[in-house]
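Below: one structure, written as C-alpha cells.
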Amino acid sequence: MILYHTSNQIIKNPDIYHGRKNADFGWGFYLTPDREFTYRWARENAVVNEYELDETELDIHCFSRSTEWFEYIFHNRRLQDELNADVIIGPIANDTIFDTLGILTSGYLNSEEALKLLMIGPAYTQVAIKSEKAVRKLKWIRAERIERTDAETLKEEQHAYQEKFAEELDKQMEEREKN
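Per our numbering, the sequence shown runs over residues 20 to 198.
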C-alpha cells in the first residue's frame, strides 16, 4: 500500500509516539493513501513523504463511517484507546469533530444525531501506524516539496461544508421538536 505523510520535514524513520494522544485513532503515525489530500493538509514549506506499507502479518482494523467508528473516535478524544491493532484505517473525522463531541457530551445531541453531522463532507481516508511492528513494515520511498491547495478554494469548500452542517443541525432540531 502506498501512503503519504505531510510534514515540514523529511521523515525517513517515523515515530508512533510523537503527536497528539487524542487524535482520531489515538497515538500513532498518521498517513493517507490519498495523495490529493496531502495538498489540503500542507502548510508553508510542506514536504510530502511517500511510503510503502507491507501489510503481511499485521493486525489491521478498517473502519467505515459508522457508529463503531464514531464511538472509537469519541473514546480516543477522551484518551481511552482500547483497540489493539498494528494499523487502523478509516475516514478522517470532519473539522467539526470537537464541536460535535462537545454538543454530544453536553446532552444537546444523542450519538445517532452526532453521527449524522459527522457524515457531512468528503470522506478522506487516514491510516494510523500504531505499533513498532507496523513501523518496521513501513518503507520510506521519497519526499517531495509541495505547495498548499489554493487558500480561496479551501475557504469556499469550508463555507459550503459549514452550510451543510448548519442545515443538518437545523433539520435534526426540527425533527426533535415534532417528536
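Beta carbons: idealized from backbone N, C-alpha and C, even for Gly.
Residue i - containing beta strand (DSSP E), residue span
| i | result |
| --- | --- |
| Y36 | From DSSP, Y36 is part of no beta strand (DSSP E); its letter is neither H nor E. |
| R161 | 157-165 |
| T144 | 144-148 |
| S26 | 21-26 |
| I15 | Only positions 20 to 198 of the chain appear in the structure, and residue 15 is not among them; the question remains open. |
| N68 | 65-72 |
| F48 | 48-50 |
| I107 | 106-110 |
Endpoints, alpha helix (DSSP H) assigned at residue i
| i | result |
| --- | --- |
| S130 | 130-137 |
| Y91 | 86-96 |
Option in the options with minimal Cα separation from residue i
| i | options | result |
| --- | --- | --- |
| D105 | T86, E186, I148 | I148 |
| K31 | E166, Y58, T172, E71 | E71 |
| Y23 | Q145, P110, H94 | Q145 |
| L77 | L157, R59, F93 | L157 |
| A65 | R195, T172, E187, R167 | R167 |
| E171 | F44, D43, R59 | R59 |
| I29 | K174, I160, E194, N198 | I160 |
| T2 | I35, Y36, Y49, D43 | It is not possible to answer for residue 2, since the shown part of the chain is limited to 20 through 198. |
| I92 | T75, I111, D189 | I111 |
| D43 | L188, H94, T86, E186 | H94 |
| I165 | F89, N103, R54 | R54 |
Beta-carbon proximity list for residue i, same chain, < 7 Å, skipping 5 on both sides
| i | result |
| --- | --- |
| F56 | Y143 |
| L98 | K40, N41 |
| C81 | I108, G109 |
Integer Cβ distance of residue i from residue j, believed to fall under 8 Å
| i | j | result |
| --- | --- | --- |
| L136 | F184 | 6 Å |
| Q191 | E132 | 5 Å |
| R62 | N27 | 7 Å |
Residue environment, residue i, which counts as buried when at least 16 other CB atoms sit within 10 Å
| i | result |
| --- | --- |
| N68 | buried |
| I21 | exposed |
| D73 | exposed |
| G47 | buried |
Cβ-based neighbour list, residue i, same chain, cut-off 6 Å, excluding 5 preceding and 5 following
| i | result |
| --- | --- |
| K152 | D105 |
| D100 | G45 |
Chain-order list of residues whose beta-carbon lies under 8 Å from that of residue i (same chain, five-residue window excluded)
| i | result |
| --- | --- |
| P52 | M20, I21, L22, Y23, T144, V146 |
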